[in-house]
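J.:
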């Protein structure tokens, strides 16, 4: 599908991007990378973007950046994702479909590195350049670049925020899908940061990056550790699920510190309601937009960085309203998932 969203603010961005791409493009009108060579010197390319899912606010933010990046660069983008982050085979099938369609470039947020790498290598072998977004495959040389957060550093930031609030108590950490390097790195960064403090780790469990599972896991944690005073979840969905369990258990929210990661619109609403304490916000929109822009720059014959860190922002109740307004301008429509 051709993805377009018309915003007045994009007019200047589109002109700027066009000038940048013109400057980066090759003079010989060749076909620097991909597929069946349908791209040309005017930027007539098709870029396939396969995300982990399109069923959560975070991935709709990434999709919003993809849409705007495609519109500004004047390229066609196909956007897809699995029904849930646990559906690895669905994502593999969508990558395989993009290869079959002989797209010019492929942008992928891999759910599981070991399972995705073989199909991504097939794309490279078919002369389709592959760019990774959000989640890296550290030991794979086939990628052109990784665009996303330094997830360990994001965890360190979370740990530093926790230590600013307290240097004692008990913490429960909630990981994402087992084996997912992104969410594991966030938890590891936080635990390493608080290691020498007076904070005791009383639970370290996984909830598959899912809100309902976050609630269930937190309910179990409270059964065995009713006095837990800090919760760090590797994404906002799980943090919000944990909050539901905490409220159901009758725990006073003033007695427990709850932090998530991603900076989603739902997390913003929770902070404004006085529930979630903070979210370590990934710049998800920038991930999507940058990945498409770099794909086009590569296809135009340019050179791109091997790693692009899009950084994080600590969002709290004091900054949530302003941050939320920014999110409203950036997110893709929720019907994107239905259009696949």
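Numbering (the working numbering), first residue to last: 15 to 354. Glycine included, every Cβ here is placed at the ideal spot set by N, Cα and C. Values in this document were obtained by computation on a predicted structure and should not be read as measured data.
1) Return the residue from the list 283, 288, 281 that minimises the CA-CA distance to residue 270.
2) What residue from 203, 183, 196, 267 has the CA that sits closest to residue 212's CA?
3) Hey, residue 64 and residue 122 are a contact pair by Cβ (cut 8 Å); roughly how many whole angstroms apart?
4) Is it buried or exposed, residue 60, if we count other Cβ atoms within 10 angstroms and call 16 or more buried?
5) Does the separation of the CB atoms of residue 186 and residue 216 fall below 9 Å?
6) Which partner residues does residue 189 have in the DSSP bridge list?
7) Please classify residue 321: is it buried, with 16 or more other beta-carbons within 10 angstroms of its beta-carbon, or exposed?
8) Please state the DSSP three-state secondary structure of residue 126.
9) What does DSSP give as the partner residues of residue 296 in its beta bridges?
10) Where DSSP assigns a beta bridge to residue 96, which residues make up the other side?
11) The beta strand (DSSP E) with residue 151 in it runs from where to where?
12) Please classify residue 345 as buried or exposed, where buried requires at least 16 other C-beta atoms within 10 Å of its C-beta.
13) For residue 242 and residue 236, what's the separation of their Cα atoms in angstroms?
14) Candidates 89, 206, 117: which alpha carbon is nearest residue 5's?
15) Buried or exposed: where does residue 227 fall if 16 or more other Cβ atoms within 10 Å of its Cβ makes it buried?
16) Which runs of the alpha helix (DSSP H) fall wholly inside the segment 201-252 and span at least 4 residues, in chain order?
17) Can you give me the C-alpha to C-alpha distance between residue 245 and residue 165, rounded to a whole angstrom?
18) Nearest to residue 303 by CA position, among 324, 292, 315, is which residue?
19) Could you check where the beta strand (DSSP E) with residue 273 kicks off and where it finishes?
20) My understanding is that residue 335 touches residue 286, with C-beta atoms under 8 Å, so please give their C-beta distance in whole angstroms.
21) Closest to residue 294 by CA distance: which of 262, 161, 171 is it?
22) Hey, is residue 252 close to the ligand GDP, as in C-beta under 8 Å from one of its heavy atoms?
23) Where residue 195 and residue 99 are concerned, what is the direct C-alpha to C-alpha distance, given to the nearest angstrom?
24) Tell me which residue opens and which closes the beta strand (DSSP E) that residue 162 is part of.
25) If distances are taken between C-alpha atoms only, which option among 193, 220, 266 comes closest to residue 240?
26) In whole angstroms, give me the CA-to-CA distance for residue 90 and residue 253.
27) So, is residue 261 buried or exposed, given that buried needs 16 or more other C-beta atoms within 10 angstroms?
28) How long is the line joining the alpha carbons of residue 134 and residue 144, rounded to whole angstroms?
29) Quick one: Cα of residue 68 to Cα of residue 131, how far?
30) Please report the residue range of the alpha helix (DSSP H) in which residue 266 lies.
31) DSSP beta-bridge partners for residue 183?
32) Is DSSP giving residue 278 helix, strand or coil here?
33) Could you tell me the distance, in whole angstroms, from the CA atom of residue 281 to the CA atom of residue 250?
34) Shortest alpha-carbon distance to residue 268 belongs to which of 210, 179, 107, 150?
35) Within the same chain, show all residues whose beta-carbon is closer than 6 Å to that of residue 112, passing over the 5 residues directly before and after it, in chain order.
36) Could you tell me the boundaries of the alpha helix (DSSP H) in which residue 291 lies?
T.: According to the data block:
1) Locating residue 270 in the chain shown gives position 256, where the first residue counts as 1. Between residue 270 and the set 283, 288, 281, the nearest pair of CA atoms involves 288.
2) Here residue 212 refers to the residue found at position 198 of the chain shown. Ranked by Cα distance from residue 212, the first of 203, 183, 196, 267 is 183.
3) Position 50 of the chain shown, counted from the start, is the residue given in the question as residue 64. Position 108 of the chain shown, counted from the start, is the residue given in the question as residue 122. The Cβ separation is near 5 Å, so the contact holds.
4) Residue 60 sits at position 46 when you count from the first residue of the chain shown. Classification of residue 60: buried, given that the 10 Å Cβ count is 16 or more.
5) Along the chain shown, one-based indexing puts residue 186 at 172. Along the chain shown, one-based indexing puts residue 216 at 202. In contact: residue 186 and residue 216 (Cβ atoms closer than 9 Å).
6) For the purposes of this step, residue 189 is identified with residue 175 of the chain shown, where counting begins at 1. The beta-bridge partner set that DSSP reports for residue 189 consists of 220.
7) Counting from one through the chain shown, the residue named residue 321 turns up at place 307. Its Cβ having fewer than 16 others within 10 Å, residue 321 is exposed.
8) Position 112 of the chain shown holds residue 126. Of the three classes helix, strand and coil, the one that applies to residue 126 here is coil, per DSSP.
9) Here residue 296 corresponds to residue number 282 of the chain shown, with the count starting at 1. 326.
10) On the chain shown, position 82 is the one that residue 96 refers to. For residue 96, which the question treats as bridged, DSSP gives the partners 67.
11) Within the chain shown, residue 151 is the residue found at index 137, counting from 1. Bounds of any beta strand (DSSP E) do not take in residue 151, whose DSSP letter is neither H nor E.
12) As a first step, residue 345 is located in the chain shown; it is residue number 331 there, counting from the start. Buried, because 16 or more other Cβ atoms sit within 10 Å of the Cβ of residue 345.
13) Numbered from 1 along the chain shown, position 228 holds the residue referred to as residue 242. Numbered from 1 along the chain shown, position 222 holds the residue referred to as residue 236. Residue 242 and residue 236: Cα-Cα distance of roughly 7 Å.
14) There is simply no residue 5 to check, as the chain begins at 15 and stops at 354 in what is shown.
15) On the chain shown, position 213 is the one that residue 227 refers to. Classification of residue 227: buried, given that the 10 Å Cβ count is 16 or more.
16) The DSSP assignment places complete alpha helix (DSSP H) segments of no fewer than 4 residues inside the segment 201-252 at 225-238, in order along the chain.
17) Counting from 1 along the chain shown, the entry for residue 245 is found at position 231. Counting from 1 along the chain shown, the entry for residue 165 is found at position 151. For residue 245 and residue 165, the distance between alpha carbons rounds to 18 Å.
18) One-based indexing of the chain shown puts residue 303 at position 289. Taking the Cα of residue 303 as reference, the smallest distance to any Cα among 324, 292, 315 is reached at 324.
19) Walking along the chain shown from the start, residue 273 turns up at place 259. Here the beta strand (DSSP E) through residue 273 covers 271-275.
20) In the chain shown, the residue the question calls residue 335 occupies position 321. In the chain shown, the residue the question calls residue 286 occupies position 272. So it is a contact: roughly 6 Å between Cβ atoms.
21) Here the question's residue 294 lines up with position 280 in the chain shown. Ranking the options by Cα distance to residue 294, first place goes to 171.
22) Absence of the ligand GDP is noted for the structure shown, with no ligands found whatsoever.
23) Stepping through the chain shown from its first residue, residue 195 is reached at position 181. Stepping through the chain shown from its first residue, residue 99 is reached at position 85. Rounded to the nearest angstrom, the two C-alpha atoms are 13 Å apart.
24) For the purposes of this step, residue 162 is identified with residue 148 of the chain shown, where counting begins at 1. Where residue 162 is concerned, the enclosing beta strand (DSSP E) stretches over 159-162.
25) Position 226 of the chain shown, counting from 1, holds the residue named residue 240. Measuring C-alpha to C-alpha distances from residue 240 to each of 193, 220, 266 identifies 266 as the nearest.
26) Indexing the chain shown from 1 puts residue 90 at position 76. Indexing the chain shown from 1 puts residue 253 at position 239. Rounded to the nearest angstrom, the gap between the Cα atoms of residue 90 and residue 253 is 36 Å.
27) For the purposes of this step, residue 261 is taken as the residue at position 247 of the chain shown. Under this definition residue 261 is an exposed residue.
28) Position 120 of the chain shown, counted from the start, is the residue given in the question as residue 134. Position 130 of the chain shown, counted from the start, is the residue given in the question as residue 144. Cα-Cα distance, rounded: 7 Å.
29) Here residue 68 refers to the residue found at position 54 when the chain shown is read from its first residue. Here residue 131 refers to the residue found at position 117 when the chain shown is read from its first residue. Looking at the two C-alpha atoms, the distance is approximately 21 Å.
30) On the chain shown, residue 266 is found 252 positions in, with the first residue counted as 1. Element bounds for residue 266: n/a, residue is neither H nor E.
31) Start at 1 with the first residue of the chain shown, and residue 183 comes out as number 169. Paired residues: 213.
32) Locating residue 278 in the chain shown gives position 264, where the first residue counts as 1. DSSP places residue 278 in coil when its eight states are reduced to three.
33) By one-based count along the chain shown, residue 281 stands at place 267. By one-based count along the chain shown, residue 250 stands at place 236. Spanning the alpha carbons of residue 281 and residue 250 requires a straight line of approximately 6 Å.
34) For the purposes of this step, residue 268 is identified with residue 254 of the chain shown, where counting begins at 1. If we check each option's Cα against that of residue 268, 179 comes out closest.
35) In the chain shown, counting from the first residue as 1, residue 112 sits at position 98. Apart from the 5 residues on each side of it in sequence, residue 112 sits with its Cβ closer than 6 Å to the Cβ of 62, 120 in its chain, given in chain order.
36) Walking along the chain shown from the start, residue 291 turns up at place 277. For residue 291, no alpha helix (DSSP H) segment is defined, and its DSSP state is neither H nor E.
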